[in-house]
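All residue numbers for the sequence shown refer to the working numbering, where the first residue is 40 and numbers rise by one.
Backbone N, C-alpha and C fix where the C-beta goes; we use that ideal spot for every residue, glycine too.
Below is one structure; the comments refer to it alone.
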Amino acid sequence: MTLPLSPEKKLRILAVAVPVPLRQTFDFIAPKNASNLRPRTRVKILFGKRTLIGIIVEVKDGSDYPIEKLKPAIEIIDNEPLFDDALWQSLLWLSRYYLAAIGEVLESALPVVLRQAKSITPTLERAWQLTNHGRHSSIDELNRAPLQRAIIHQFANKDVLSSHDFKEHSQRWRSPIKSLIEKGWLEELTREPTLAGRDRTTPPDITLTEEQDHAINIINKAIDACKFSCNFLHGVTGSGKTEVYFAAMRNVLARGESVLFLVPEIGLTPQLIQRIERYFKHPVAVLHSGLNDTERHIAWWHARQGNAKIVLGTRSAVFSQMPNLGLLIVDEEHDGSFKQQDSVRYQARDVAVYRAKQVGAPIILGSATPSMETYHNALEGRYQHIRLTKRASEVELPKVELLDLNKQPVIDGLCPAMTEAVKHTLSKGKQVMLFLNRRGYAPVHYCSECKQTAKCHRCDSNLTVHQRANKLRCHHCGYEGRLTFNCRGCGAKESMLEVGDGTQRVEAAVTARFPNARLLRIDRDSTQRKGELARVLEVARKGEADILLGTQLITKGHDFPNVGMVGILEADQGLYSTDFRASETLFQQSLQVAGRAGRRDDVGRVYIQTRFPDHSFFGFIKQHDYEGFAEQLLNERKSVGFPPHGYFALLRAESTHQAKALQFLRRAKSDCQRSPHVVIMDAVPAPMERRAGRYRAQLLFMSQQRSALNRTLSTWLHYIAVNQEAKKLAATVRWTLDIDPLDHY
Ligand code: ADP
Ligand code: ZN
């Protein structure tokens with residue numbers, strides 16, 4: 040009950056979302072003399088012993104707590120709300136739907152800079168950008184001033200650099216910057232940043248295909264309806280989905296409205312940015328994880344001010360606030376990177392759909408290999424299903440051939456038929472793409488004497504051999520040890536063998552077999568440096584490499600014009616996995632990577648190495664039959680009530696004590712109120728129980744009704760927040776709740 044205060048006190052109470060993992064707001068007394076008390080503004084508070092920045096959720100006249108126990112807030116920071124109403128409603132929904140701490144939700148929707156008491160408008164005290172003079176001068180003029188040259192060089196990839204960026208590189212950046220300002224190359228930003236569009240565009244001269252025209256007509260109708268609709272653009276690889284997005288964007292931009300465009304990975308953005316810049320004069324803000332805090336703040340601000348008409352970004356860009364948002368696009372909607380895997384575990388695609396509803400605008404979800412969730416929604420008629428069944432270039436989809444590993448050996452990753460195919464493709468001057476979703480040199484280091492493998496001492500996993508770095512690494516916890524060939528277990532000398540193939544081993548073998556071919560390895564190890572992935576993808580696209588060998592990084596949406604063949608070196612792992620989504624992911628990856636072949640002229644070829652050539656999975660792959668595969672998979676899932684025919688939530692717990700995580704979950708299960716609509720499985724150890732020294736366990740909740748699932752879990756969350764004993768037990772483990780979990784580890 041809220042106790043009314045006597046009028047003479049006139050205390051105002053602020054319900055504040057605090058950035059801590061607690062699922063509630065906290066009441067504070069508004070600072071004396073504070074005018075302009077409004078929800079959605081930041082406030083400085085003392086929380087325990089820490090000074091934190093929270094966000095006011097509500098301004099009220101009383102509190103459920105005794106007033107004398109409430110502390111005064113220290114200071115109100117903003118004069119205006121940070122979020123507009125539609126975005127605010129979406130964030131509140133997000134915290135309810137994902138049962139996430141409101142403070143953490145709001146925090147993740149803000150640029151890091153604003154999680155401190157900085158002003159909403161970027162101040163840019165010490166940030167610089169190239170002047171026009173600087174932009175048009177040759178860097179060679181600075182040959183005699185290497186520090187200045189190095190500084191200008193850094194502007195090649197970034198528009199704005201702050202003192203923070205330079206500190207990372209050198210202690211001596213102040214004086215060369217001063218000289219560059221004096222020479223007129225750089226200017227210090229003291230005013231508000233500006234965002235210019237382009238003077239000129241050079242859209243490619245393309246005649247749209249009939250299917251593209253048709254798709255555009257449907258989407259334009261949705262746009263003209265000026266209300267929410269979900270449009271699922273289901274187009275095979277190379278069908279020209281981007282042209283359809285662009286046509287829709289053109290329509291929306293012409294109305295003076297803006298577009299939010301989400302893509303899965305930073306690696307995909309450079310090519311897309313180029314394409315957007317060729318088409319549109321409108322200012323674009325790009326938001327991805329490669330930005331520094333200043334850049335991110337500026338891009339966020341440009342979106343919020345309405346300076347940016349197009350916002351292009353990865354997962355967290357779904358929180359961009361944009362006045363006049365008229366269209367949302369989620370490209371490659373099936374991609375797992377839209378799911379945030381820690382802290383607030385939201386699915387950006389689903390949040391985007393909710394946002395579209397809130398602002399009353401259409402959204403387009405595009406994919407050649409949609410998630411079962413989206414496909415199911417389309418079949419059920421909830422989403423408008425728009426198909427592109429043919430490639431824009433009129434080239435047929437590639438021919439798929441299985442290479443039976445029961446009949447031929449694999450030597451360093453490739454069987455003889457695969458090697459032959461590579462040779463043949465290279466001889467025709469085409470690029471080869473080899474897909475192996477395992478980085479490192481060899482996944483197993485095995486002792487021929489004691490028959491043991493080298494294991495991570497913190498995880499239930501083998502260590503991966505990284506030969507060039509001379510290291511054994513754990514891909515799960517990051518542990519790194521020296522590579523020795525004497526067995527640490529039994530002490531035998533020179534007994535350790537490298538077993539299995541990783542991208543580095545295949546790289547060495549293929550290089551030895553094709554010494555004249557330029558091989559480009561693309562995996563997380565080879566692209567660690569900032570900007571490196573974008574660079575190698577550009578090298579690949581320009582045809583400056585003959586063989587592209589990589590992990591799932593190469594499967595995603597790239598438009599490489601000259602790839603003649605794709606080799607899938609290992610497909611079998613996903614066929615018999617315990618993870619119910621493994622075959623869906625494998626199918627998507629296989630069709631996606633296959634889709635890189637033969638995009639321009641000749642029909643491409645795809646070769647898949649497998650020990651199970653008769654598996655029904657490959658029948659669908661050979662026919663590029665997404666529908667058939669999806670139908671079978673959806674039926675399987677329906678029979679067991681798995682998503683999208685049911686809803687999951689996963690409660691995970693981990694502890695350094697083996698028993699504790701399981702104990703907590705068993706207790707959680709018994710504390711949950713029984714509901715006829717919710718099935719709670721037994722608490723079980725995670726598939727990889729020990730990771731980074733912690734024992735992990737999980738508890739799966741299943742239901743046919745989202746609302747019942749949500750109710751059960753929120754009741755339980757409330758219970759452990761108020762019941763002292765349950766609270767104590769919860770404090771002994773690390774636990775997280777994952778709604779619509781994507782993986783079950
Ligand atoms: P996807 O559907 O795989 O995303 P893209 O949009 O990347 O396909 O298009 C694949 C290629 O086809 C691009 O290089 C694009 O420029 C080209 N393309 C798209 N539409 C047409 C068209 N109507 N005529 C000719 N080429 C086209
Ligand atoms: Zn480990």
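query, result
"Name, in chain order, the residues that DSSP records as bridge partners for residue 646.", "440 and 606"
"Measuring only the C-alpha atoms, how far is residue 520 from residue 155?", "39 Å"
"Below 6 Å CB to CB, which residues in the same chain sit around residue 789 once its five sequence neighbours on both sides are set aside?", "With the chain running from 40 to 784 in the structure shown, residue 789 is simply not present."
"Please identify the residue among 440, 429, 403 and 428 whose C-alpha is closest to the C-alpha of residue 422.", "403"
"Is it buried or exposed, residue 47, if we count other Cβ atoms within 10 angstroms and call 16 or more buried?", "For residue 47, the predicted model reports a pLDDT of 47, less than 50, meaning its position is unreliable and no value from the coordinates is stated."
"Pick from 197, 437 and 337: whose alpha carbon is nearest that of residue 636?", "437"
"Secondary structure at residue 219, three-state DSSP: helix, strand or coil?", "helix"
"I believe residue 16 touches residue 397 by the beta-carbon criterion, under 8 Å. Please report the beta-carbon distance rounded to the nearest angstrom.", "Here the chain has residues from 40 to 784 only, and residue 16 is not among them."
"If you check the beta carbons only, do residue 223 and residue 172 fall under 7 Å apart?", "yes"
"Could you check whether the Cβ of residue 174 sits closer than 7 Å to any Cβ belonging to chain C?", "Absent from the structure: chain C. Only one protein chain is present."
"Would residue 541 and residue 481 qualify as a contact pair, given that the criterion is a beta-carbon distance under 7 Å?", "yes"
"Let me confirm a value: residue 269 is counted as buried when at least 16 other C-beta atoms fall within 10 Å, else exposed. Which label applies?", "buried"
"Is any non-hydrogen atom of the ligand ADP found closer than 6 Å to the C-beta of residue 247, if you look at the structure I gave you?", "yes"
"Using a threshold of 6 Å, is the CB atom of residue 1 nearer than that to any non-hydrogen atom of the ligand ZN?", "Residue coverage of the chain in this structure runs from 40 to 784, which leaves residue 1 outside it and unanswerable."
"Nearest-angstrom Cα distance between residue 287 and residue 574?", "29 Å"
"Take the Cβ of residue 555 as the centre, count every other Cβ of all protein chains shown within 10 Å, and call the residue buried at 16 or more, exposed below.", "exposed"
"Tell me the DSSP secondary structure of residue 299 in three-state form.", "strand"
"Have a look at residue 44 and residue 106 and give me their C-alpha separation to the nearest angstrom.", "Any reading at residue 44 must be qualified, since the residue scores a pLDDT of 48, below 50, and its modelled position is unreliable; the value itself is stated next. Those two C-alpha atoms are separated by around 9 Å."
"Which residues in the same chain as residue 40 place their Cβ atom closer than 8 Å to its Cβ, once the five residues preceding and following it in sequence are excluded?", "Bear in mind that a pLDDT of 47 at residue 40, under 50, signals an unreliable position, so the number given afterwards is only what the model happens to contain. Result list for residue 40: 103, in chain order."
"With respect to 6 Å, is the separation between the Cβ of residue 784 and the closest non-hydrogen atom of the ligand NAD below this value?", "Inclusion of the ligand NAD in the displayed structure is not the case, the ligand content consisting of the ligand ADP and the ligand ZN alone."
"Between which residues of its own chain and residue 451 is the CB-CB distance below 7 Å, once the five residues before and five after are set aside?", "540, 544, 545 and 548"
"Does the Cβ of residue 316 lie closer than 6 Å to at least one heavy atom of the ligand ADP?", "no"
"Hey, which unbroken runs of the alpha helix (DSSP H) at 4 residues or more fall wholly within the stretch 427–504?", "455–466"
"At which residues does the alpha helix (DSSP H) containing residue 622 begin and terminate?", "621–633"
"Report the rounded CA-to-CA distance for residue 400 versus residue 304, giving the unit in angstroms.", "24 Å"
"Quick check: the stretch 591–602 against the stretch 452–471, are at least 3 beta-carbon pairs closer than 8 Å?", "yes"
"The ligand ZN and residue 484: does any heavy atom of the ligand fall closer than 6 Å to the residue's C-beta?", "no"
"For the beta strand (DSSP E) holding residue 735, just list the boundary residues, first then last.", "733–742"
"Is the number of C-beta pairs between the stretch 137–153 and the stretch 51–68 that are closer than 8 Å three or more?", "yes"
"By Cβ distance below 7 Å, which residues in the same chain neighbour residue 170 in space, the five residues on each side in sequence not counted?", "223, 224, 225 and 226"
"Could you pull the DSSP bridge partners for residue 111 from this structure?", "68"
"Please report how far the alpha carbon of residue 723 lies from the alpha carbon of residue 703, in whole angstroms.", "11 Å"
"Residues in its own chain within less than 7 Å of residue 728 by CB, not counting five upstream and five downstream?", "499, 734 and 735"
"When DSSP builds the beta bridges, which residues end up paired with residue 271?", "404 and 424"
"Under the criterion of a Cβ to heavy atom distance below 6 Å, does residue 505 qualify as lining the ligand ZN?", "no"
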